[in-house]
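Residue numbers (the numbering used here): 5 to 293.
Here you go:
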């Protein structure tokens, strides 16, 4: 079975994008893992699948599979690539577009300067919104936020986390320097912490000034990525709630820069979406290897 695909990235967060409207795509965890494999497949942080919508108010359904094969709720950088893909492939000329994700609808707009804006949808902060068990944990107030002290292994260090759900769950930790912080040790410890029922994306935020942060994110099922759109949103929101930041917030990731706006209700992200190349792959041969 031959699948046409497009390789794309948003600030270095890279994707294999599949058109499930004009071709039949039966995605499975094993197929997603094979496509994402950087040695034996195409290589990607996530697989993005564009399908006909189920929701009557949506233009398309947009599904996201992490490199480990698990399907997840949202991907901000992927959302920008999704709208660029739909326009470039001639699937629709609508601008803005309404996309159906696992938790509802999001609105996306491609600007004339090549940047893509995404209205990111619902933001929530209750532990239950992240599948997080806070029982018995030490907490402390920080502005309008509540920080939770996670009990990590000694080698991972101490973590006081903000909880932010932007369809998918995020734990945000403020650090002095993202370059020297032990993300490789602390990231996996937070991501797979047993208090998170569905695991969590671990963000490490360095505040530069009130409109500027630097960020690294260790993502569920993908490891550390060069950028994470929902992670950038979560960090900016957490920083604003802590009283450290003001909207808009420039977020510098290792792969590029994103702009986040949040007024306490509406959350919007803007950033690049780049097409790298197109190709074809025999998915049966790939998964049989």
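Glycine included, each C-beta is placed from N, C-alpha and C at the ideal position.
Tell me whether the beta-carbon of residue 78 lies closer than 8 Å to the beta-carbon of residue 171. Against the chain shown, residue 78 aligns to sequence position 74. Against the chain shown, residue 171 aligns to sequence position 167. Contact flag set, yes.
Closer than 8 Å is the cut-off here; do at least three beta carbon pairs connect the segment 56 to 67 with the segment 160 to 174? The segment 56 to 67 is not in contact with the segment 160 to 174.
Alpha carbon to alpha carbon, what distance is there between residue 266 and residue 129? Your numbering for residue 129 matches position 125 in the chain shown. Your numbering for residue 266 matches position 262 in the chain shown. Taken atom to atom, the span from the alpha-carbon of residue 129 to that of residue 266 is near 14 Å.
Of the residues 83, 80 and 52, the one placed nearest residue 68, counting alpha carbons only: Reading the chain shown from its first residue, position 64 is the one you call residue 68. Taking only the C-alpha atoms, the option nearest residue 68 is 52.
Check whether residue 250 and residue 215 have beta carbons under 8 Å apart: As a first step, residue 250 is located in the chain shown; it is residue number 246 there, counting from the start. As a first step, residue 215 is located in the chain shown; it is residue number 211 there, counting from the start. The Cβ-Cβ distance between residue 250 and residue 215 falls below 8 Å.
Enclosing beta strand (DSSP E) for residue 306 [first to last residue]: Given a span of 5 to 293 for the chain in the structure shown, any question on residue 306 remains unanswerable.
Does DSSP classify residue 215 as helix, strand or coil? Position 211 of the chain shown, counting from 1, holds the residue named residue 215. The answer is coil: DSSP assigns residue 215 none of H, G, I, E or B.
Looking at residue 126 and residue 142, is the spacing between their C-beta atoms short of 8 Å? Position 138 of the chain shown, counting from 1, holds the residue named residue 142. Position 122 of the chain shown, counting from 1, holds the residue named residue 126. No.
Could you tell me if residue 148 is buried or exposed, where buried requires 16 or more neighbouring beta carbons within 10 angstroms of its beta carbon? Locating residue 148 in the chain shown gives position 144, where the first residue counts as 1. So residue 148 counts as exposed.
Return the CA-CA distance between residue 48 and residue 71, expressed in angstroms with no decimal places. Looking up residue 48 in the chain shown gives position 44. Looking up residue 71 in the chain shown gives position 67. Just so you know, the alpha carbons of residue 48 and residue 71 end up roughly 7 Å apart.
What does DSSP give as the partner residues of residue 172 in its beta bridges? Residue mapping note: residue 172 aligns to position 168 of the chain shown, counting from 1. BP columns for residue 172 point to 170.
Where does residue 146 fall in DSSP's three states? On the chain shown, position 142 is the one that residue 146 refers to. In the three-state scheme derived from DSSP, where H, G and I count as helix and E and B as strand, residue 146 is classed as strand.
What's the gap between the Cα of residue 285 and the Cα of residue 20? Here residue 285 refers to the residue found at position 281 of the chain shown. Here residue 20 refers to the residue found at position 16 of the chain shown. Residue 285 and residue 20 have their C-alpha atoms spaced approximately 11 Å apart.
Complete beta strand (DSSP E) runs within the segment 49 to 134 (minimum length 3 residues, chain order): Correct list: 50 to 55, 64 to 70, 101 to 105, 108 to 114 and 120 to 123.
Name the two residues that bound the continuous alpha helix (DSSP H) containing residue 228. Counting from one through the chain shown, the residue named residue 228 turns up at place 224. Segment 227 to 229 is the beta strand (DSSP E) holding residue 228; no alpha helix (DSSP H) there.
Which of helix, strand or coil DSSP assigns to residue 26: Numbered from 1 along the chain shown, position 22 holds the residue referred to as residue 26. DSSP places residue 26 in coil when its eight states are reduced to three.
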